[in-house]
DNA sequence: CGTCAAGTGTCAGTGGCTGACACTATCCTC
DNA sequence: GAGGATAGTGTCAGCCACTGACACTTGACG
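Chains as they are written, first to last, in my numbering: chain A, 111 to 337; chain B, 111 to 337.
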């Protein structure tokens, strides 16, 4: 699985090209190679079954070098996830101020899924990301970290919502509470999608939309009316 | 910090005494000693600054023995948390069927805090547990695991709610959605309590109650009315 | 071209965790 | 109460993630 250095010109954008020095370019290539090889290995033989040595060997660098590019083994897994999450935040920032908080979050999530491909593919093929997400959901150690990262994102989003509504986040509990409820539902959808059989973007988009619709009814204390 | 074996009679209940053989008793004592020494060290010098060797040495057993009692270093931390969580589940089971799902969860949480002391103190002093919880909230690695455990608990609670309401959990999304929103809010309260200055049971109880009250208003899309 | 700095490999070491195996202590039976 | 079955423990060797130190190589730039 060795990844040979390709001719300089053909590198496809990648993360953030910065200035075009040869040094910078090689770094970019190494990072890309490590990222893709790692995800490929994780999705085929499993996260815990893959050692850092294997990844490094496949890219012909030392283990030490791997750790200079990624703070730890998990960091590789969440490199793509990071892009996806910021994509959602960006989408939320673009919602018109007239929309209420919940509507804004809902529409941001859906529109983010619609345009995820363009944003993600320079970093990593979308299908590889999808498979990676399934690995996250099914590997306890990764799921744990994913949830903590989600909690951090949640805090970030709560501040954004507070700002939107012109509220002091430490005085008014509603931003955090609303966001907590929202991301709670998102997580349920994500979890079920991870177990379900359809690993497409469309599938998670629809699942998300459906579950969000049930939040209002679910909080009513009387469930005699069917969902 | 060596913990010497006390005379047989004076052992205070502990986890689950089972039959009174000498073997069993020694095991119980070792486990207890490991648990308390570990929590004491974690809360004083920090989780990551404490090595398993230190804990084992303090109890005069080998590192290997530590790992025979606890699957890993984290398991010690969550031994007490486990008791607390099951206490909530038990409280939920005791709510009258007439109560709606959300009301039942809310009251179960509050009543669980009211009676946590009796349930917890045989395992570990309550103040030690409180300090441990703060360690969890402030140690990224532990927070991650805590969140994953919460997600598991959440699934369990969702099944309970579905059962209560006579619903098929795979057909009706409301149980999972309601529980996700509920525990999302609980988590926000827990997080803020961890940062705040008052490490008492009363403090988290009140914080929880207050935040749950805001869930309804927070989901309304119009926040012009103050909370 | 030569100097400087950035990037890399090697090495040694720490900490969490596991399997194997021999040893010791309780238990249970005769 | 001796003696064998069995549970629990210590020791040892080893894997893997990760880190600091240091020497070496290679692109950057005057």
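Cβ atoms here follow ideal geometry from the backbone N, Cα and C, with glycine treated the same way.
What distance in whole Å lies between the Cβ atoms of residue j and residue i, which are believed to be in contact at a cut-off of 8 Å?
i	j	result
residue 314 of chain A	residue 299 of chain A	7 Å
residue 379 of chain A	residue 283 of chain B	Residue numbering for chain A in the displayed model covers 111 to 337; residue 379 of chain A lies beyond these limits and cannot be assessed.
residue 194 of chain B	residue 165 of chain B	That pair is no contact at about 22 Å.
residue 268 of chain A	residue 254 of chain B	With 8 Å as the limit, residue 268 of chain A and residue 254 of chain B do not qualify as a contact, their Cβ atoms being about 19 Å apart.
residue 290 of chain A	residue 262 of chain A	With 8 Å as the limit, residue 290 of chain A and residue 262 of chain A do not qualify as a contact, their Cβ atoms being about 13 Å apart.
residue 232 of chain A	residue 274 of chain A	Contact flag wrong, Cβ pair sits at about 29 Å.
residue 270 of chain B	residue 202 of chain B	6 Å
residue 329 of chain A	residue 288 of chain B	6 Å
residue 213 of chain A	residue 331 of chain B	5 Å
residue 257 of chain A	residue 257 of chain B	4 Å
From the DSSP output, in three-state form, read off residue i for me.
i	result
residue 218 of chain A	helix
residue 131 of chain B	coil
residue 159 of chain B	coil
residue 251 of chain A	helix
residue 330 of chain B	coil
residue 120 of chain A	Legend: pLDDT at residue 120 of chain A = 35, less than 50; position of this residue unreliable, no value from coordinates given.
residue 180 of chain A	coil
residue 225 of chain B	coil
residue 279 of chain B	coil
residue 307 of chain B	coil
residue 295 of chain B	helix
residue 174 of chain A	helix
residue 206 of chain A	coil
residue 335 of chain B	coil
residue 260 of chain B	helix
residue 197 of chain A	helix
residue 289 of chain A	helix
residue 236 of chain A	helix
residue 345 of chain B	Outside the shown range of chain B, which is 111 to 337, sits residue 345 of chain B, and nothing can be said about it.
residue 83 of chain A	Past the boundaries of the shown model lies residue 83 of chain A; chain A is included only from 111 to 337, so the question cannot be answered.
residue 318 of chain B	helix
Once the 5 residues before and after residue i are set aside, which same chain residues still bring their CB inside 8 Å of it?
i	result
residue 144 of chain B	165, 166, 169, 171, 176, 179, 180, 186
residue 252 of chain A	157, 184, 187, 245, 246
residue 311 of chain B	223, 226, 227, 236, 240
residue 209 of chain B	217
residue 364 of chain A	The first residue shown for chain A is 111 and the last is 337, placing residue 364 of chain A beyond what the model contains.
residue 335 of chain A	327
residue 297 of chain B	257, 260
Short of 7 Å in beta carbon distance, which residues of its chain neighbour residue i, apart from the five on each side in sequence? Order them along the chain.
i	result
residue 126 of chain B	Residue placement at residue 126 of chain B is poorly supported in this model, since its pLDDT is 40, which falls under 50; the coordinates are not used for a value here.
residue 197 of chain B	222, 226, 229
residue 295 of chain B	321, 322, 325
residue 319 of chain B	220
residue 242 of chain A	149, 152, 153, 187, 190
residue 207 of chain B	274
residue 205 of chain B	214, 217, 218
residue 301 of chain B	247
What residues in its chain sit with their C-beta under 6 Å from that of residue i, if we drop five residues either side in the sequence?
i	result
residue 163 of chain B	173
residue 304 of chain A	244, 247
residue 286 of chain A	268
residue 292 of chain B	215
residue 141 of chain A	179
residue 238 of chain A	149
residue 309 of chain A	240
residue 132 of chain B	none
residue 234 of chain B	190
- Stretch pair the stretch 182-196 of chain B + the stretch 145-164 of chain B: three plus CB contacts closer than 8 Å: These segments touch.
- Per the contact definition of three or more C-beta pairs closer than 8 Å, is the stretch 243-262 of chain B in contact with the stretch 154-162 of chain B? The stretch 154-162 of chain B is in contact with the stretch 243-262 of chain B.
- Task: Give the residues from the stretch 161-193 of chain A that approach chain B closer than 9 Å (Cβ to any Cβ), ordered along the chain.
- Result: Those residues of the stretch 161-193 of chain A that come within reach of chain B (Cβ to Cβ, closer than 9 Å) do not exist; the list is empty.
- Any residues in the stretch 295-309 of chain B with a beta carbon nearer than 7 Å to a beta carbon of chain A? Which ones, in chain order? Residues 295, 297, 298.
- Item | Members of the stretch 255-285 of chain A that neighbour chain B once the beta carbon cut-off is set at 7 Å | The stretch 255-285 of chain A vs chain B, Cβ under 7 Å: 255, 257, 258, 261, 275, 282, 283, 284.
- Message: What are the residues in the stretch 230-259 of chain A lying within 9 Å of chain B by C-beta distance?
- Response: Listed by position along the chain: 250, 251, 253, 254, 255, 256, 257, 258, 259.
- Message: Please identify, using Cβ separations under 7 Å, the residues of the stretch 135-157 of chain A that lie next to chain B, in order along the chain.
- Response: Cβ proximity to chain B below 7 Å picks out nothing from the stretch 135-157 of chain A.
- Task: Would you list, in chain order, the members of the stretch 315-327 of chain B that have their beta-carbon closer than 8 Å to a beta-carbon of chain A?
- Result: For the stretch 315-327 of chain B, which is checked against every Cβ of chain A, the residues closer than 8 Å are 320, 321, 324, 325, 326, 327.
- Message: Which residues of the stretch 201-213 of chain A have a Cβ closer than 9 Å to any Cβ of chain B? Give them in chain order.
- Response: For the stretch 201-213 of chain A, the set of residues with a beta-carbon nearer than 9 Å to any beta-carbon of chain B comprises 209, 210, 211, 212, 213, in chain order.
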